[in-house]
């Protein structure tokens, strides 16, 4: 079972979703 984001520490949330956000912001949306 996946732990809800709200109960995770800030650093863990950033580590989990940071790479996806960077791809969207950076424009690297190519399918791999």
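Numbering (the numbering used here), first residue to last: 1229 to 1260.
The beta-carbon is built from N, C-alpha and C at its ideal position, and this holds for glycine as well.
Q: Note down the Cα distance separating residue 1240 from residue 1253, rounded to an integer number of angstroms.
A: 20 Å
(Q) So, with DSSP's three-state summary, where would you put residue 1246? (A) In the three-state DSSP reduction, residue 1246 falls in the helix class (H, G or I).
**Q.** As assigned by DSSP and simplified to three states, the class of residue 1255
**A.** coil
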